[in-house]
Each structure stands twice: as C-alpha cells, then as structure tokens.
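Below: the structure, in structure tokens.
Residue numbers (this note's numbering): 5 to 188.
See the structure below:
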C-alpha cells in the first residue's frame, strides 16, 4: 500500500525563520481542535535555498483522506486566520504531495535529526532515477503533484545515512539536515 505524503514547505522572509516555525506549531494546535492529526514540524539546520526553512509533514493512507483533511481546514475560520498570519512571514510556500511505496519508517521523536536528499530532475528522467534508486535498495518519496521547483524524489533518513557515492545522471542532488521540532 502506498502512502500519500503531504508536505508544506515554508521559505521564510529573512529574519522570520523562528516566527514561521512558531506559526506552524500554532497551526498544528488548530488542527487538533478540528479533530485532525497534528503532523510533524521540522526546522532546517543546513541546506541550500531550494530547501525550505520549516517543513510540515503528514502521511495519509489515500487521497480521499487527504482531500477530507484539506476540506476540514478550508471550512475553518480559525485555520484561515493561521494562514493569513503565516502569509506575512514567508516569501514562498509550496504544498507538494509525494508517494511512498514502502513503509514510512520508524516513528520520530522531538529533537531527532534527519538527513534529506532531494533529487531534482525532469519528468523524463524520473523512470531512470526510480530504477536506480530501486537497484540500490533506497526508499524514496516520489513527487505526485503540487509545488514548483521541488525535488522529484526525496530520500529521508537519519544523520548516519550515507549516500555519498550516489551519482544519478540527469539528477541534481541537494542535501539538507533537519531537526524534528514538533510531533503531534
């Protein structure tokens, strides 16, 4: 069974990184009052400008569940107030959906460190990249929809994840490090 992985990428205006993180955690609190899962919030420790400053993640069993979640938030004046406040704090926002064809992995804890590697490539190169990842036994999230200039594939792992030798023709590789700030 594949999971639908919803990610929100927040690219803060310079100096607003901490405020974006706080606002995202407030959004998780509002989600809870709506009876929705809070999700996970991570802050970037290092990584290039193609990576957001803050990210939010929630895994859904299917698109129907993800769509119902979106509808509940859209109907909430409290959640809309959070969105309005957040728009003042960021310079860019992306909401890509990814699909994971394998287990989501171990549960995370607040303070955990993560290493994410983004593979940026054209759609035409995606089959070759997917095949290479499979041949290496690497589980990755694959882009499904939404967002602009976001990675086509994301490899998620702990700080000891070693893919230093990974070279994939036709793909630009961008690495980043994250700290889990909030687990709902």
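All residues carry an ideal CB built from backbone N, CA and C; glycine is no exception. The structure displayed is predicted, hence computed values, not measured ones.
message: Quick check on this structure: which residue in 188, 186, 182 and 187 has the alpha carbon closest to the alpha carbon of residue 56?
response: 182
3-residue-minimum beta strand (DSSP E) runs that sit fully inside the segment 12 to 58, ordered along the chain: 44 to 51
- prompt: What distance in whole Å lies between the Cβ atoms of residue 184 and residue 113, which are believed to be in contact at a cut-off of 8 Å?
  reply: 7 Å
Backbone secondary structure at residue 133 - three-state DSSP: helix
message: For a test of the three-state rule: what should DSSP assign to residue 75, helix, strand or coil?
response: helix
message: For residue 90, tell me which candidate among 42, 7, 177 and 12 has the shortest Cα-Cα distance.
response: 12
task: Pull up the DSSP beta-bridge partners for residue 184, would you.
output: 46
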